[in-house]
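To keep things clear, I will list the structure first and then write my remarks on it.
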Amino acid sequence: MSTAFDLLYSETEEELRSAVRALLADRCAPADVLARAETGRPHDPALWHTLAAEIGTAGLLVPEKLGGQGAGHREAAVVLEELGRAVAPVPYLTSAVLATEILLGCDTPDVAGPLRELAAGRQVCVPALPLTQAPGAPLPAAVRDTGGGILTGTVTSVADAVAADVLLVLADTGLYAVPTAEVSLTERVPLDLTRPLATVTLDGAAGTRLADPATARAAVAGALLSGAGLLASEQLGLAQWCLAETVRHVRGRHQFNRPVGSFQALKHRLARLWLDVASARAAARAAADALATGAPDAPLTVAVAQAYCSGVAVRAAEECVQLHGGIGMTWEHPAHLYLKRAKSAALALGTPGHHHTLVADFAELPAP
Amino acid sequence: MTVITAEHLLTRVRDLLAAHPPADTGRADFLRARFDAGLAWVHYPEGLGGLAAPRTLQAVVDAELEAAGAPDNDPRRIGIGLGMAAPTILAYGTDEQKRRFLRPLWVGEEVWCQLFSEPGAGSDLAALGTRALRDAATGDWIVDGQKVWTSSAHTARWAILIARTDPALPKHQGITYFLCDMHAPGVEVRPLRQITGEAEFNEVFLTGVRIPDSHRLGAVGQGWEVARTTLMNERVSIGGMRIPREGGMIAPVAAAWRERPGLRTHALHQRLLELWVEAEVARLTGERLRQQLAAGQPGPEGSGMKLTFARLNQEISGLEVELLGEEGLLYEDWTMRRPELVDFTGRDAGYRYLRAKGNSIEGGTSEILLNIVAERVLGLPAEPRDDKDLAWKDLAR
Numbered sequence: 001m002s003t004a005f006d007l008l009y010s011e012t013e014e015e016l017r018s019a020v021r022a023l024l025a026d027r028c029a030p031a032d033v034l035a036r037a038e039t040g041r042p043h044d045p046a047l048w049h050t051l052a053a054e055i056g057t058a059g060l061l062v063p064e065k066l067g068g069q070g071a072g073h074r075e076a077a078v079v080l081e082e083l084g085r086a087v088a089p090v091p092y093l094t095s096a097v098l099a100t101e102i103l104l105g106c107d108t109p110d111v112a113g114p115l116r117e118l119a120a121g122r123q124v125c126v127p128a129l130p131l132t133q134a135p136g137a138p139l140p141a142a143v144r145d146t147g148g149g150i151l152t153g154t155v156t157s158v159a160d161a162v163a164a165d166v167l168l169v170l171a172d173t174g175l176y177a178v179p180t181a182e183v184s185l186t187e188r189v190p191l192d193l194t195r196p197l198a199t200v201t202l203d204g205a206a207g208t209r210l211a212d213p214a215t216a217r218a219a220v221a222g223a224l225l226s227g228a229g230l231l232a233s234e235q236l237g238l239a240q241w242c243l244a245e246t247v248r249h250v251r252g253r254h255q256f257n258r259p260v261g262s263f264q265a266l267k268h269r270l271a272r273l274w275l276d277v278a279s280a281r282a283a284a285r286a287a288a289d290a291l292a293t294g295a296p297d298a299p300l301t302v303a304v305a306q307a308y309c310s311g312v313a314v315r316a317a318e319e320c321v322q323l324h325g326g327i328g329m330t331w332e333h334p335a336h337l338y339l340k341r342a343k344s345a346a347l348a349l350g351t352p353g354h355h356h357t358l359v360a361d362f363a364e365l366p367a368p
Numbered sequence: 001m002t003v004i005t006a007e008h009l010l011t012r013v014r015d016l017l018a019a020h021p022p023a024d025t026g027r028a029d030f031l032r033a034r035f036d037a038g039l040a041w042v043h044y045p046e047g048l049g050g051l052a053a054p055r056t057l058q059a060v061v062d063a064e065l066e067a068a069g070a071p072d073n074d075p076r077r078i079g080i081g082l083g084m085a086a087p088t089i090l091a092y093g094t095d096e097q098k099r100r101f102l103r104p105l106w107v108g109e110e111v112w113c114q115l116f117s118e119p120g121a122g123s124d125l126a127a128l129g130t131r132a133l134r135d136a137a138t139g140d141w142i143v144d145g146q147k148v149w150t151s152s153a154h155t156a157r158w159a160i161l162i163a164r165t166d167p168a169l170p171k172h173q174g175i176t177y178f179l180c181d182m183h184a185p186g187v188e189v190r191p192l193r194q195i196t197g198e199a200e201f202n203e204v205f206l207t208g209v210r211i212p213d214s215h216r217l218g219a220v221g222q223g224w225e226v227a228r229t230t231l232m233n234e235r236v237s238i239g240g241m242r243i244p245r246e247g248g249m250i251a252p253v254a255a256a257w258r259e260r261p262g263l264r265t266h267a268l269h270q271r272l273l274e275l276w277v278e279a280e281v282a283r284l285t286g287e288r289l290r291q292q293l294a295a296g297q298p299g300p301e302g303s304g305m306k307l308t309f310a311r312l313n314q315e316i317s318g319l320e321v322e323l324l325g326e327e328g329l330l331y332e333d334w335t336m337r338r339p340e341l342v343d344f345t346g347r348d349a350g351y352r353y354l355r356a357k358g359n360s361i362e363g364g365t366s367e368i369l370l371n372i373v374a375e376r377v378l379g380l381p382a383e384p385r386d387d388k389d390l391a392w393k394d395l396a397r
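Residue numbers (full-length UniProt numbering), protein chains in the order written: chain F, 1 to 368; chain X, 1 to 397.
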């Protein structure tokens, strides 16, 4: 058993939630997200500035002495719940969680500067890793140092690279900070309209070395664990929106002279979904809390949360589409933004299948 | 009004232990003394086994008494009395009824059972047909009918009973709540054998059973409202306990998987891992609910836990039978037994598989619980109903 763990939300966390929710209600309504996605430039730099710098969410994981808020994973998880609820097109998971955790994990004097920029929300920094890179999976060796920190290689499916000022590149000689201007980005057409993907090509790119290979790989592994654990909270928030929106719809939509939400076939589906979401909340909170306290069983708790919450988010979005009937199939209704985010998020940072395999290791239930 | 603190309770516990050292005191005598000291259920009123203290302080008393080696009242054996009869008597009983019944109930001298469900009234409990007719000469009630799925009926001294006193009224309005003497003439208890081969439960036949009006709980016709108090307390008791990781139904399957590599297949591995994860998430959900209750912010999650556990118990025990291969073809013993206590995980895999089938039926079917979640938690509208205002005697059956 882990030590005392807390699955509830503190007052401070609820205040943070209120601030983020109010901002997103004001500046990131589903229609805004859709309109922006249609331009091919989903990111909203002004929204990011308010969220990251003014509310100060970019530095939640960063200690105060390094210019951050000195909060932790529990608070970052609450922010991610709200971002998932709004399918907000901001690079929070990639910059404020993954890149930040990599830098924190390096713990060298060289990372203090970049961390300060990140924590203050002045720069966006994302790891040059495929979004599918999972904790516990072999790390890629796609980038080589051709000498003196001149880097060559290609990394596919890098999320939010188009919004980044700096990329964190894992090369054979260590971890490098590479200005985005040094690389060439080929934008891909993503299934998830709110999280852009690009192929990053380094052809003699000059980077600043931040850590040796062993330190770098350990830092990346730790960041992937943290990212996977906190992604569960984003998935929870997404599922919560889908459930609430669907309930709202079936209460108001009339067919056969009745609200369709009075039919038992629909009520039972939604009651089951509510159960799934309530369970996902416990799983996601447990992961955030285990990461925050550095619990020894954090890798298992994270694997459990990812194995479970990915499926709940996808199911919630699929139910949302189905129970909206024809409306759910239209481009105009935002349900598809959630469906696309949910399905992509199930592949991000390890599929449920991958996390089940990790559970098999941690729980000592070996394959045949 | 003084607020009772933990220190205050601990002082009373020490006084109780000094006056009645557990080592030199008979079990029943100690429990009676504990009741009289107000330490039985501290949130009950003074004089009825409590001190009107916050319910959360009960754990302080229990821990202190357990540490001192004091006997407990074997709560599992008298669960229906403690969990259902007592809170209902407290809420609706006359002073005389409370004084008469609560002490022997808590001490365990009088076991209680519940005469609610009938062959024709399961999910639609309010449609029950057991009749209670007033004897004009004596004022007593004469009860005729049949009840079913009654646990502890064969050991019970008393029952909480709901019966129809006015068939001309709509079903919810013509019901009255009684306290029924299980030793009264006309009460016949027969074991009800279930698919596991054993008989945890009973059928109870009531033929001309005479109940004095002083054993009516609440007003004539108020029985449904009183019964709702009983049923709400039934659900409160679920979800209060803490289970360890890999506790419950998943434990024997995980153990078999580890100990017997020859049984492993890839298909079973996938299912095992999925169910292991779901069981762990259910454990966390229960833990979160417990933390919410402790923080005084009860959430609606409680209404969902039973649904989750019913489904998981069934799926996990089904997997276990398959995992065991040839051994899964066998069953320990079909002899009809009369177990004292319900045990979902005891005996063998076949038993677990069969017993778990009841988990989605007993205490509210999963279908009814889904309706409750949909209507009370999600606020979805009820299906149109035409039975609420019809006289009970005119309902289809």
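Glycine included, C-beta positions come from ideal geometry on N, C-alpha and C.
Straight-line gap, residue i to residue j (C-alpha atoms, nearest Å)
i: Ile316/X; j: Thr196/X; result: 17 Å
i: Thr11/X; j: Thr57/F; result: 50 Å
i: Leu118/F; j: Trp276/X; result: 39 Å
i: Lys393/X; j: Val226/X; result: 22 Å
i: Arg99/X; j: Ala282/X; result: 41 Å
i: Leu9/X; j: Gly93/X; result: 27 Å
i: Ser237/X; j: Leu300/F; result: Confidence at Ser237/X is low in this model, with a pLDDT of 49, below 50, so the placement of that residue should be treated as unreliable; the coordinate-derived value is given next. Ser237/X and Leu300/F: Cα-Cα distance of roughly 30 Å.
i: Glu203/X; j: Thr345/X; result: 24 Å
i: Phe256/F; j: Gly108/X; result: 55 Å
i: Glu101/F; j: Met329/F; result: 38 Å
i: Leu133/X; j: Ala294/X; result: 45 Å
i: His43/X; j: Gln58/X; result: 8 Å
i: Ile368/F; j: Pro352/F; result: Here residue 368/F turns out to be Pro, not Ile, going by the sequence shown. Computed Cα separation, rounded: 19 Å.
i: Ala199/X; j: Ala346/F; result: 47 Å
i: Val220/F; j: Gly174/F; result: 11 Å
Contact set between residue i and chain X, taken where Cβ atoms lie within less than 7 Å
i: Glu364/F; result: Arg258
i: Gly261/F; result: Leu380 and Pro381
i: Pro135/F; result: Here the premise fails: no neighbours, minimum Cβ distance about 16 Å.
i: Ala52/F; result: Simply none; closest approach about 30 Å.
i: Val78/F; result: Going along chain X, no residue has its Cβ under 7 Å from Val78/F, so there is no contact; the nearest lies around 15 Å.
i: Val359/F; result: Leu273, Trp276 and Val277
i: Ala307/F; result: Val277
Opposing strand residues paired with residue i [DSSP bridges]
i: Ser184/F; result: Thr201/F
i: Pro191/X; result: Asn202/X
i: Gln114/X; result: Ile160/X
i: Cys125/F; result: Val166/F
i: Leu133/X; result: Ile142/X
i: Val209/X; result: Val143/X
i: Arg209/F; result: Tyr176/F
Chain-ordered chain X contacts of residue i [CB-CB under 9 Å]
i: Gln264/F; result: Glu367, Leu370, Asn371, Ala374 and Glu383
i: Arg285/F; result: Leu284 and Arg288
i: Val304/F; result: Trp276, Val277, Glu280, Val281 and Leu284
i: Arg258/F; result: Pro381, Glu383 and Pro384
Chain-ordered neighbours of residue i on chain F, where CB pairs are closer than 8 Å
i: Gln291/X; result: Asp6, Leu7 and Leu8
i: Thr308/X; result: Leu275 and Ser279
i: Val377/X; result: Ala271 and Trp274
Chain-ordered neighbours of residue i on chain X, where CB pairs are closer than 8 Å
i: His356/F; result: Gln270, Leu273, Glu274 and Val277
i: Arg251/F; result: Gly379, Leu380 and Pro381
i: His268/F; result: Glu367, Leu370, Asn371 and Ala374
For residue j and residue i, believed in contact at Cβ under 8 Å, the rounded distance
i: Ile175/X; j: Trp224/X; result: 5 Å
i: Val247/F; j: Leu275/F; result: The Cβ separation is near 14 Å, so there is no contact.
i: Cys180/X; j: Leu125/X; result: About 17 Å separates the two Cβ atoms, so there is no contact after all.
i: Pro104/X; j: Ala70/X; result: No, Pro104/X and Ala70/X are not in contact; Cβ-Cβ is about 19 Å, not under 8 Å.
Listed by chain order, chain F residues near residue i by CB distance under 9 Å
i: Glu301/X; result: Leu275, Ala278, Ser279, Arg281 and Ala282
i: Gly266/X; result: Reading the sequence as shown, one finds His at residue 266/X and not Gly. Correct list: Ala367 and Pro368.
i: Gly304/X; result: Ala271, Trp274, Leu275, Ala278 and Ser279
i: Ala59/X; result: Within chain F, no residue comes near Ala59/X; the closest Cβ sits about 16 Å away, beyond 9 Å.
Handout entry: the region 242-257 of chain F / the region 374-388 of chain X touching (three or more Cβ pairs under 8 Å)
Key = yes
Exercise for the section: Pair every Cβ in the region 124-134 of chain F with every Cβ in the region 158-172 of chain F, then say whether three or more of these pairs are closer than 8 Å. Expected result: yes
Handout entry: the region 216-230 of chain F contacting the region 177-185 of chain F, beta-carbon criterion three pairs below 8 Å
Key = no
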